[in-house]
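Trainee: Protein chains in written order, with the numbering used here: chain E, 235 to 594; chain P, 235 to 594. Backbone N, C-alpha and C fix where the C-beta goes; we use that ideal spot for every residue, glycine too. Quick one: this structure, given as structure tokens, is what I'll be asking you about.
There are 2 protein chains.
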Amino acid sequence: MRTQVKNRKRALFELLRKSCLDAYLATNPADWFYLSGFTGEAGALVASSESMTLVTDSRFTAQARAEMGEGRVVQQKGALFSAVGGVLSAKGWRRVGYDPNSLTVAQLGVLRKTAGRGCSMVQAPGVVQALRGRKDASELAQMRKAAILASEVMESGIRMLKPGVRELEIAAEIEYRMRKGGGSAPAFETIVAFGERAALPHARPTSKRLRKNELVVLDLGVILGHYCSDITRTVFAGRAPRRVREWHRAVQEAQEAAISAARAGVACEAVDAAARRVLASYKLDQFFIHSTGHGLGLEVHEEPRIAKGQKRLLEEGNVITIEPGVYVEGVGGIRIEDDVAIQRNGTEILTRGTRNLIEL
Amino acid sequence: MRTQVKNRKRALFELLRKSCLDAYLATNPADWFYLSGFTGEAGALVASSESMTLVTDSRFTAQARAEMGEGRVVQQKGALFSAVGGVLSAKGWRRVGYDPNSLTVAQLGVLRKTAGRGCSMVQAPGVVQALRGRKDASELAQMRKAAILASEVMESGIRMLKPGVRELEIAAEIEYRMRKGGGSAPAFETIVAFGERAALPHARPTSKRLRKNELVVLDLGVILGHYCSDITRTVFAGRAPRRVREWHRAVQEAQEAAISAARAGVACEAVDAAARRVLASYKLDQFFIHSTGHGLGLEVHEEPRIAKGQKRLLEEGNVITIEPGVYVEGVGGIRIEDDVAIQRNGTEILTRGTRNLIEL
Numbered sequence: 235m236r237t238q239v240k241n242r243k244r245a246l247f248e249l250l251r252k253s254c255l256d257a258y259l260a261t262n263p264a265d266w267f268y269l270s271g272f273t274g275e276a277g278a279l280v281a282s283s284e285s286m287t288l289v290t291d292s293r294f295t296a297q298a299r300a301e302m303g304e305g306r307v308v309q310q311k312g313a314l315f316s317a318v319g320g321v322l323s324a325k326g327w328r329r330v331g332y333d334p335n336s337l338t339v340a341q342l343g344v345l346r347k348t349a350g351r352g353c354s355m356v357q358a359p360g361v362v363q364a365l366r367g368r369k370d371a372s373e374l375a376q377m378r379k380a381a382i383l384a385s386e387v388m389e390s391g392i393r394m395l396k397p398g399v400r401e402l403e404i405a406a407e408i409e410y411r412m413r414k415g416g417g418s419a420p421a422f423e424t425i426v427a428f429g430e431r432a433a434l435p436h437a438r439p440t441s442k443r444l445r446k447n448e449l450v451v452l453d454l455g456v457i458l459g460h461y462c463s464d465i466t467r468t469v470f471a472g473r474a475p476r477r478v479r480e481w482h483r484a485v486q487e488a489q490e491a492a493i494s495a496a497r498a499g500v501a502c503e504a505v506d507a508a509a510r511r512v513l514a515s516y517k518l519d520q521f522f523i524h525s526t527g528h529g530l531g532l533e534v535h536e537e538p539r540i541a542k543g544q545k546r547l548l549e550e551g552n553v554i555t556i557e558p559g560v561y562v563e564g565v566g567g568i569r570i571e572d573d574v575a576i577q578r579n580g581t582e583i584l585t586r587g588t589r590n591l592i593e594l
Numbered sequence: 235m236r237t238q239v240k241n242r243k244r245a246l247f248e249l250l251r252k253s254c255l256d257a258y259l260a261t262n263p264a265d266w267f268y269l270s271g272f273t274g275e276a277g278a279l280v281a282s283s284e285s286m287t288l289v290t291d292s293r294f295t296a297q298a299r300a301e302m303g304e305g306r307v308v309q310q311k312g313a314l315f316s317a318v319g320g321v322l323s324a325k326g327w328r329r330v331g332y333d334p335n336s337l338t339v340a341q342l343g344v345l346r347k348t349a350g351r352g353c354s355m356v357q358a359p360g361v362v363q364a365l366r367g368r369k370d371a372s373e374l375a376q377m378r379k380a381a382i383l384a385s386e387v388m389e390s391g392i393r394m395l396k397p398g399v400r401e402l403e404i405a406a407e408i409e410y411r412m413r414k415g416g417g418s419a420p421a422f423e424t425i426v427a428f429g430e431r432a433a434l435p436h437a438r439p440t441s442k443r444l445r446k447n448e449l450v451v452l453d454l455g456v457i458l459g460h461y462c463s464d465i466t467r468t469v470f471a472g473r474a475p476r477r478v479r480e481w482h483r484a485v486q487e488a489q490e491a492a493i494s495a496a497r498a499g500v501a502c503e504a505v506d507a508a509a510r511r512v513l514a515s516y517k518l519d520q521f522f523i524h525s526t527g528h529g530l531g532l533e534v535h536e537e538p539r540i541a542k543g544q545k546r547l548l549e550e551g552n553v554i555t556i557e558p559g560v561y562v563e564g565v566g567g568i569r570i571e572d573d574v575a576i577q578r579n580g581t582e583i584l585t586r587g588t589r590n591l592i593e594l
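In structure tokens form, the structure reads like this:
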């Protein structure tokens, strides 16, 4: 960890230098963990090439000192951002970068009042996120483990499906198995959607019972050693009718096409388009109502986005989901999702398990 | 639900009128759920006395139409806040309020570009939070259920404690029981801290095993029907030595004093001071390193804060936690926490179960 953190800091300082920034303020927990190892829920990290200072409250100072290694821990007396402003002012920095996507308007207001007249707060969007997008070997190793655990939990979730069972029961069992497997939490609220409810891409589990001949969408992810996984499979509770088989085949081919398209140097929008093209050939593209995927790492949704209009190029070390779907209101939905690591020469699919339609 | 939502809107419009605001932009999920019933994870709600408009993406539009009842659902084409700006511009409003504590700097930047020159975005901090602080009868009924479920889960968590068990196993069982009891998720990452780790107020569960004669802090909460609960109990794995008994007695008396002090019309800082005064009489106040409590509702930490310097008065309908503690680095910690509803004439303790030191 220590070596990785050093490399990350070096990469950050290089970016700061290029942007003529004296320091960077990280206010997103994933960003500060990435740069310092601090796992607490409240605080802010100020990083410059000379010093790292974490400001946090009394609940987290002992933990911060243990986790940070080098670097200073400042225990705030009053409000967090007044204390951060005090640190900036004491350092006498003139240009401090921050991420406008994670700093609130109120926080910026406090900083402007407390950081001193000489200090300009400069928008520097996505600086740490860009670094986080390129996973190093130790991060990839951890993401592999998280993906394998999610795949195992998916398998046991599928085995629990039988007519009469409730969505909420399946969700409870799934999240229990995540925990038993060492996960610290679900990466997002587990989706267990039966029948018509499978047409809602983000259905919350309810007390609805599974009936014969319904579609089931299971979408789950686990946080293991701080890193997220995300997998979706679709099941039919019975022998699937022709229409459902065709939908599933279309989604499966769309996913294969997108995975094949995903390569270092390829634009994210091209991966999205590959999935959409296949669905269009089945006349199902109007039922694919979300983007093809998203970056995955310390957060479950991070850069890069695999969507229309995303001109950004995939890079070695990116980990993304590929998850096309088809949703028909009143009938149900189908989605297949895997986690894919972009490597120098090709890709590695981190998640496991058949992508064929599973019939109960 | 419909009647409550109407009352809430009426109260909001009264506040808007007083602040000369034409409309209010709610960007916090708890705020928009409170005003509209929409449970999706992405979107923004624009409320005026003439109209309610929810802007969200294609994953959530079907769900939004089903949940919102009256009110318009706009499906964003591009970025969320460009679409919101478009709505504001089309309405021709001149003053639109927003919460600077939940809007990011980047979001405000997009709104300023897209809402049109005639539209001023006006900081209106905590408007919906203030309404949310005064729970109505239906909310209190739901919070009672959430608190009782948390208390039951606590009881079964305590029963599982025995030497050799791991923190993570207990956390897994606890969260499983929340789900089986109908909860949608833990209200926060469950805290299971054995021995020295109990000295960290926000310890994450690890694979550490419980040994004889260690302190155990269990702090858990569940979201049930959208409302949060939060309870803490302290256990000693064996017969507690005199020192631990005295610490526990001090914390228990501090909690009782704070609960007795909590009344409509009393300043939040006075409730905090009541707990601190008792701990000072035991010379333990320097070991109480956090505030006495926080508001509880759709979010696990909301207004009012029960802390030093909080001059705000408690009101009928507030639900707060009272959770003094004592933390001794290298030894362990003690915390006792219950959820308390402020009523017209007195208080109601929503959580259950003995507050005495539990010895295994």
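Pull up the distance between the alpha-carbon of P558/P and that of A509/P, whole angstroms please.
Mentor: Each residue's alpha carbon lies about 7 Å from the other.
Trainee: Given that a residue counts as buried once 16 or more other Cβ atoms are within 10 Å of its Cβ, and exposed if not, what is Q520/P?
Mentor: Burial call: exposed.
Trainee: List, in chain order, every chain P residue whose beta-carbon is nearer than 8 Å to that of T338/E.
Mentor: Going along chain P in sequence order, the residues near T338/E (Cβ under 8 Å) are P334, N335, S336, L337, T338 and V339.
Trainee: Please tell me whether R198/E has its Cβ less than 7 Å away from any Cβ of chain P.
Mentor: Coverage of chain E is limited to positions 235 through 594, which leaves residue 198/E absent and any answer about it impossible.
Trainee: I want to know whether the stretch 489-500 of chain E touches the stretch 567-581 of chain E - three or more CB-CB distances under 8 Å.
Mentor: At 8 Å Cβ cutoff, the stretches touch.
Trainee: In the DSSP assignment, the alpha helix (DSSP H) including I523/P goes from what residue to what residue?
Mentor: From DSSP, I523/P is part of no alpha helix (DSSP H); its letter is neither H nor E.
Trainee: If you measure from the beta carbon of L518/P to each beta carbon in chain E, is any gap under 7 Å?
Mentor: Chain E, which has no Cβ nearer than 7 Å to the Cβ of L518/P, makes this no.
Trainee: Extract the residue ranges of the alpha helix (DSSP H) inside the stretch 334-370 of chain P, only unbroken runs of 4 or more that lie entirely within it.
Mentor: You should have 339-348 and 361-367.
Trainee: Of all the residues that make up the stretch 289-300 of chain P, which are near chain E by a beta-carbon distance shorter than 7 Å?
Mentor: Residues S292, R293, F294, A296 and Q297.
Trainee: Do three or more CB pairs link the stretch 427-444 of chain P to the stretch 356-375 of chain P at distances below 8 Å?
Mentor: No: fewer than three Cβ pairs fall under 8 Å.
Trainee: For Y516/P, name the three-state secondary structure that DSSP assigns.
Mentor: Three-state result, Y516/P: coil.
Trainee: What does H436/E touch in chain P if you count any residue whose Cβ is under 9 Å from its own?
Mentor: Here the neighbours are G274, E275, A276, R293, F294 and Q297.
Trainee: Could you check what DSSP says for C502/E in three-state terms: helix, strand or coil?
Mentor: Of the three classes helix, strand and coil, the one that applies to C502/E here is helix, per DSSP.
Trainee: Tell me which same chain residues have a C-beta within less than 8 Å of the C-beta of L269/P, skipping the five on either side of it?
Mentor: Counting only Cβ-Cβ distances below 8 Å, and skipping sequence neighbours, we find V239, R242, K243, L246, A260, L279, A281, M286 and V362.
Trainee: In whole angstroms, what separates the C-alpha of L337/E from that of A349/E?
Mentor: L337/E and A349/E: Cα-Cα distance of roughly 15 Å.
Trainee: Take the Cβ of D506/E as the centre, count every other Cβ of all protein chains shown within 10 Å, and call the residue buried at 16 or more, exposed below.
Mentor: Flag for D506/E reads buried.
Trainee: Can M412/P and V456/P be called in contact, C-beta distance under 7 Å?
Mentor: The answer is yes: Cβ separation under 7 Å.
Trainee: Under 7 Å between the Cβ atoms of V310/E and A317/E?
Mentor: The sequence given here has Gln at residue 310/E, not Val. Their beta carbons are under 7 Å apart, which means Q310/E touches A317/E by this criterion.
Trainee: Kindly give me the distance between the Cβ atoms of I568/P and T468/P, rounded to whole angstroms, as I take these residues to be in contact under 8 Å.
Mentor: Confirmed, about 5 Å.
Trainee: Alpha carbon to alpha carbon, what distance is there between L513/E and R483/E?
Mentor: For R483/E and L513/E, the distance between alpha carbons rounds to 10 Å.
Trainee: Whole angstroms are fine: how far does the CA of I382/P sit from the CA of K369/P?
Mentor: One C-alpha to the other measures close to 17 Å.
Trainee: Taking 7 Å as the cut-off, decide whether the C-beta atoms of T424/P and L454/P are in contact.
Mentor: Yes, they are a contact pair.
Trainee: Scan the stretch 509-543 of chain E for residues whose Cβ lies nearer than 7 Å to a Cβ of chain P and list them as they occur along the chain.
Mentor: Within the stretch 509-543 of chain E, the residues whose Cβ lies closer than 7 Å to some Cβ of chain P are I523 and H524, listed in chain order.
Trainee: Can you give me the start and stop residues for the alpha helix (DSSP H) that R401/P sits inside?
Mentor: Residue identity differs from the one stated: residue 401/P is Glu in this sequence, not Arg. E401 to K414 is the extent of the alpha helix (DSSP H) around E401/P.
Trainee: For K414/E, return the contacting residues in chain C, with the cut-off set at a CB-CB distance below 8 Å.
Mentor: Included in the structure are the protein chains E and P, with no chain C among them.
Trainee: Take I404/E and list the residues in its own chain whose beta-carbon comes closer than 8 Å to its own, dropping the five residues that flank it on each side.
Mentor: Contacts found: G391, M394, L395, V426, P439 and L452.
Trainee: Can you check whether the CB of V560/P is closer than 7 Å to the CB of L591/P?
Mentor: Not a contact, by the Cβ cut-off of 7 Å.
Trainee: Just to confirm before moving on: does the CB-CB distance between A541/E and S525/E stay below 7 Å?
Mentor: Yes.
Trainee: So what's P435/P in DSSP terms, helix, strand or just coil?
Mentor: Note: P435/P maps to coil in three-state DSSP.
Trainee: Between which two residues does the beta strand (DSSP E) holding E582/E run?
Mentor: Run containing E582/E: G580 to I583, per the beta strand (DSSP E) assignment.
Trainee: Helix or strand or just coil, what does DSSP make of F428/E?
Mentor: Strand.
Trainee: Cβ of E480/E less than 7 Å from any chain P Cβ?
Mentor: Chain P contact via Cβ: absent.
Trainee: Give me the subset of the stretch 340-355 of chain P whose CB atoms are less than 7 Å from a CB atom of chain E, sorted by chain position.
Mentor: Against chain E - using a Cβ distance shorter than 7 Å - the residues of the stretch 340-355 of chain P are A340, L342 and G343.
Trainee: Checking 7 Å against the spacing of the C-beta atoms, do Y258/P and G331/P come in under that value?
Mentor: Yes.
Trainee: Using the C-alpha atoms, what's the distance from G527/E back to I570/E?
Mentor: Distance between the alpha carbons of I570/E and G527/E: 11 Å.
Trainee: So, are the CB atoms of I408/P and T585/P less than 7 Å apart?
Mentor: The answer is no: Cβ separation not under 7 Å.
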